[in-house]
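Reading through the C-alpha cells given below for one structure.
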Amino acid sequence: MTEQEWHNLYENFETTWLLDAVGHIDTLRSHLSDRDSIRPPQMRDDMLQLHQLAMDVINNGWDGQLRRMAFLAVALEDLTMDVMLATEAIHKTLSRLLALLPQEAFEFDDNDLPINDDSFLDSE
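Residue numbers (the numbering used here): 204 to 327.
See the structure below:
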C-alpha cells in the first residue's frame, strides 16, 4: 500500500464503524438466533402463527382473528425493519472499507489464504 493509499484509508474510514457493525450483528442475533434448547427463533414461530391467522381470516373468512392477525403483522413488520436496518448498516460499513482498500489488497498468491476458504471466519 502506498503512502497516499494509506492516507486515503486513514482519512476516510473510522475503525469504530466496525465496532458499530458488531453491535448491529448483536441486534440480528437477538432477532434471528436460536433460543435456549435449540428452539428456532421467536420470529419464525410468530410468522407461522401469522400464517395460521391469515388462513383463518383470508382463506376461511373468519374475521374473529382479524385484529390479532393485524397486530402480529405489524409487530413482525417492525421486527423485519430492525433486521433490515441492521443489515444495511453492516453492509454500508463493509462497502466503505472495501471501496477504500487499494487493489493490491485483493491480489492473492500461493502464500495467501485462498479466496474460497471460509475457515478464517470461524470464531472457534
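Glycine residues also receive a C-beta, built at the ideal position from the N, C-alpha and C atoms.
All of these numbers come straight from a predicted model, not from anything done at the bench.
Taking C-beta to C-beta, are residue i and residue j nearer than 9 Å?
i	j	result
A292	H227	yes
P244	H234	yes
L282	F216	no
P305	T218	no
In whole angstroms, what is the alpha-carbon distance linking residue i and residue j?
i	j	result
E327	E280	With a pLDDT of 45 at E327, under the threshold of 50, the predicted position of this residue should be treated as unreliable, though the coordinate-derived value follows. Each residue's alpha carbon lies about 34 Å from the other.
V225	G267	43 Å
D249	N263	20 Å
T183	M272	Outside the shown range of the chain (204 to 327) lies residue 183, about which nothing can therefore be said.
Ordered along the chain, which non-local residues of its own chain (more than five positions away) have a Cβ less than 6 Å from that of residue i?
i	result
W220	T296
If you drop the 5 nearest sequence neighbours on each side, which residues of the same chain put their C-beta closer than 8 Å to that of residue i?
i	result
D285	T230 and H234
D223	A292 and T296
Report all residues from its chain with a CB closer than 7 Å to the CB of residue i; omit the five preceding and five following residues, and keep chain order.
i	result
L275	D249, Q252, L253 and L256
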